[in-house]
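Peer 1:
Put into structure tokens, the structure is as follows:
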């Protein structure tokens, strides 16, 4: 229970990764389009709120905060996401490369966790090592994109999200179980 209390946000992120992975396996285009449109709508609402705050604030305060510019940019970005979501679908291979780079960076942080566990004499350090290796391999595969179709890349991305989340939860638990002393 101590692990849950101390790392609830990490566990929630792992659960979200599993759900996203499953949704990418079931309907990658529909899920991605929906997410892009939701982000677009949120940006438009945020942009409108910034613009309203601009016109409601005193001129001296409004000039400093640049709320009108931020609001206009958010409104335009949101409209683009909402009405041109297919552009993101068409550029998914580029977005996947950026995701692969992010996974590679996360994999490097997992190497740090595994090494910390090893240096702290945690007998289960190898769970962190396996998690790091999986992340790095998935990142390299995603970056190289050896797949013949975008759907195959999405499926691989979904599977890698699920696998990484499972190993992250196991590593988290093993990290806090220092040879059975933490319960």
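Numbering (our numbering), first residue to last: -10 to 172.
The beta carbon of each residue, even a glycine, is placed where N, CA and C say it ideally should be.
Evaluate residue -1 with the Cβ neighbour count: other Cβ atoms within 10 Å of its Cβ, from every protein chain shown; 16 or more gives buried, anything less gives exposed.
Peer 2: The residue in question, residue -1, is exposed, as its Cβ has fewer than 16 Cβ neighbours within 10 Å.
Peer 1: With 16 as the cutoff for other CB atoms within 10 Å, does residue 39 come out buried or exposed?
Peer 2: Burial call: buried.
Peer 1: Taking just the CA atoms, how far does residue 128 sit from residue 171?
Peer 2: Because the pLDDT of residue 171 is 46, which lies under 50, any placement of that residue in the model is unreliable, and the number read from its coordinates should be weighed accordingly. If I take the Cα positions, the gap works out to 33 Å.
Peer 1: On the DSSP letters alone, give me the boundaries of the alpha helix (DSSP H) that residue 156 sits inside.
Peer 2: 139 to 165 is the extent of the alpha helix (DSSP H) around residue 156.
Peer 1: Assuming residue 134 and residue 85 are in contact, meaning their beta carbons sit under 8 Å apart, how far apart are those beta carbons, in whole angstroms?
Peer 2: Right, the Cβ-Cβ distance comes to about 7 Å (below 8 Å), so this counts as a contact.
Peer 1: If contacts are defined as beta-carbon pairs under 8 Å, then residue 71 and residue 33 qualify, I think. What distance do you get, rounded to the angstrom?
Peer 2: Residue 71 to residue 33, Cβ: 7 Å. Contact.
Peer 1: First and last residue of the alpha helix (DSSP H) that includes residue 61?
Peer 2: Element bounds for residue 61: 56 to 72.
Peer 1: With a threshold of 8 Å, are at least 3 pairs of Cβ atoms found where one atom belongs to the stretch 104 to 121 and the other to the stretch 54 to 70?
Peer 2: Segments in contact, no.
Peer 1: Give the straight-line distance between the Cα atoms of residue 140 and residue 17, rounded to the nearest whole angstrom.
Peer 2: So the alpha carbons of these two residues sit roughly 7 Å apart.
Peer 1: Roughly how many angstroms lie between the CA atoms of residue 155 and residue 96, to the nearest whole one?
Peer 2: So the two alpha carbons sit approximately 14 Å from each other.
Peer 1: Taking the continuous alpha helix (DSSP H) assigned at residue 134, which residues delimit it?
Peer 2: Segment: none, residue 134 is in no alpha helix (DSSP H) and carries neither H nor E.
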